[in-house]
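In the working numbering, each residue's number is its place in the sequence shown (first place is 1) plus 273.
Below is one structure, written out as structure tokens; the observations come after it.
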Amino acid sequence: MNAYKKSIKVYCDVGRFDIGGKLEQRLGYLNLHAQHWEDAAMHFRKAANFLSGDKLLDQSDHCLEKCAECLIQLGDYKEASHLYQMVSRSCVNSNLRRFTSLDHLLMSILCLMAIPDSSEPELVGGTPSGK
Numbered sequence: 274m275n276a277y278k279k280s281i282k283v284y285c286d287v288g289r290f291d292i293g294g295k296l297e298q299r300l301g302y303l304n305l306h307a308q309h310w311e312d313a314a315m316h317f318r319k320a321a322n323f324l325s326g327d328k329l330l331d332q333s334d335h336c337l338e339k340c341a342e343c344l345i346q347l348g349d350y351k352e353a354s355h356l357y358q359m360v361s362r363s364c365v366n367s368n369l370r371r372f373t374s375l376d377h378l379l380m381s382i383l384c385l386m387a388i389p390d391s392s393e394p395e396l397v398g399g400t401p402s403g404k
């Protein structure tokens with residue numbers, strides 16, 4: 274892992290953010306397979322930033338999607354929904370990916386539906402607690 278991090282730093286110092294992004298993506302996959310969700314989400318998000326800076330939007334969106342999957346595992350549904358919405362907006366701008374935009378919006382809606390409602394326990398008794 275340290276060798277990857279050092280090589281990412283070297284490539285970014287030289288201005289090769291595309292290679293740095295691909296290495297960050299590889300670190301994300303390593304953490305994903307080890308089920309280290311927080312680290313995987315962080316590496317996928319960094320990879321997305323590097324790749325979008327080099328105009329590699331398809332790969333950047335793929336990294337954002339993987340980051341959202343990790344956030345779902347962590348229970349951060351609101352942020353995962355936000356990432357899916359970002360990917361959906363990006364898909365609309367591409368002729369090849371335009372039809373997958375609805376899939377990402379559906380995932381965003383499902384994430385929003387999974388957010389626990391804080392007012393739900395108050396309504397279990399039939400009336401709100403303030404009345």
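Don't be surprised by glycine CBs; every beta carbon is placed ideally from N, CA and C.
Q) Can you check whether the CB of E338 is closer than 8 Å to the CB of R316? A) Here residue 316 turns out to be His, not Arg, going by the sequence shown. Between H316 and E338, the C-beta gap is not smaller than 8 Å, which leaves the two residues out of contact.
Q.
Could you compute how far the alpha carbon of Q346 sits from the alpha carbon of V287?
A. Inter-residue distance for Q346 and V287 is about 35 Å (C-alpha atoms, whole angstroms).
Q: Grab me the residues of M359's own chain with a C-beta within less than 7 Å of its C-beta, minus the 5 sequence neighbours each way, in chain order.
A: Excluding sequence neighbours, M359 sits near L337.
(Q) I need the straight-line Cα distance from H306 to S367, nearest angstrom please. (A) Going by the C-alpha atoms only, they are around 30 Å apart.
**Q.** Spatial distance of G326 from F290 (CA atoms)
**A.** Those two C-alpha atoms are separated by around 7 Å.
Q. Just the Cα atoms here: how many angstroms apart are K319 and D390?
A. In a straight line, the C-alpha of K319 is about 31 Å away from that of D390.
Q. Does DSSP classify K459 as helix, strand or coil?
A. Residue 459 is absent from the model: the chain starts at 274 and stops at 404.
Q: Grab me the residues of L324's own chain with a C-beta within less than 6 Å of its C-beta, minus the 5 sequence neighbours each way, in chain order.
A: Result list for L324: G294, Q332, S333, in chain order.
Q: Grab me the residues of C340's own chain with a C-beta within less than 7 Å of its C-beta, minus the 5 sequence neighbours each way, in chain order.
A: Once the five neighbours on either side are set aside, the close Cβ partners of C340 are A314, F317, R318, A321, L356.
(Q) Counting C-beta neighbours from all protein chains within 10 Å, is the total for A353 16 or more, i.e. buried, or is it exposed? (A) Label assigned to A353: buried.
Q) Going by other Cβ atoms of all chains shown within 10 Å of its Cβ, with 16 needed for buried, is K282 buried or exposed? A) It counts as exposed.
**Q.** Straight-line gap, G398 to N304 (C-alpha atoms, nearest Å)
**A.** Any reading at G398 is ruled out, since the residue's pLDDT is 46, under 50, leaving its predicted position unreliable.
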